[in-house]
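The next block holds one structure in the form of structure tokens; read it before the comments.
Residue numbers (full-length UniProt numbering): 1 to 136.
See below:
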């Protein structure tokens, strides 16, 4: 799928996604700063991905992990610092939510600092029932 937003393009064609650029984005994040390029390549391979492009340069990214029936997990949403405050984050989330494969499927995500963004799309905080097991 492909969307145009001002001078930007959002595209789900994984062949356009640069693992090097995603590594650069995520190395600046609090949640994935330690991921290797090899691990990022694997996550791209096994996810439904969205790239954000400005004049052929990748300036944003998000990915979805899903079974296409019961759960959609939005992850690794990132917009390059030089392209923030232009509505790209909102548009990127809107594109994910418009994706036909994800209609009528429960959507989850975890964020420490972007509650305001996601609340605009109907996301709500839930009681702390979330559990995680780290790799051993």
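The C-beta atom is built at its ideal place from N, Cα and C for all residues, glycine as well.
According to DSSP, residue pairing for residue 52 in a beta bridge involves 10 and 60.
Per DSSP, residue 94 is one residue of the alpha helix (DSSP H) stretching across 88-98. In the three-state scheme derived from DSSP, where H, G and I count as helix and E and B as strand, residue 25 is classed as helix.
About 6 Å separates the Cβ atoms of residue 37 and residue 19, confirming a contact at the 8 Å cut-off.
Between residue 91 and residue 10, the gap from beta carbon to beta carbon is short of 8 Å. Using a Cβ-Cβ distance cut-off of 8 Å, the stretch 122-131 and the stretch 41-51 are not in contact, since fewer than three pairs of beta carbons, one from each stretch, lie closer than that value. Residues of the same chain with a CB within less than 8 Å of the CB of residue 112, apart from the 5 flanking positions on each side, are 30 and 31 in chain order. Secondary structure note for residue 38: its alpha helix (DSSP H) is the uninterrupted segment 37-45.
Judged by DSSP secondary structure, residue 30 falls outside any beta strand (DSSP E); it is assigned neither H nor E. Scanning its chain for C-beta atoms nearer than 8 Å, with the 5 sequence neighbours on each side dropped, one finds around residue 88 the residues 5, 8, 52, 59, 60 and 79, in chain order.
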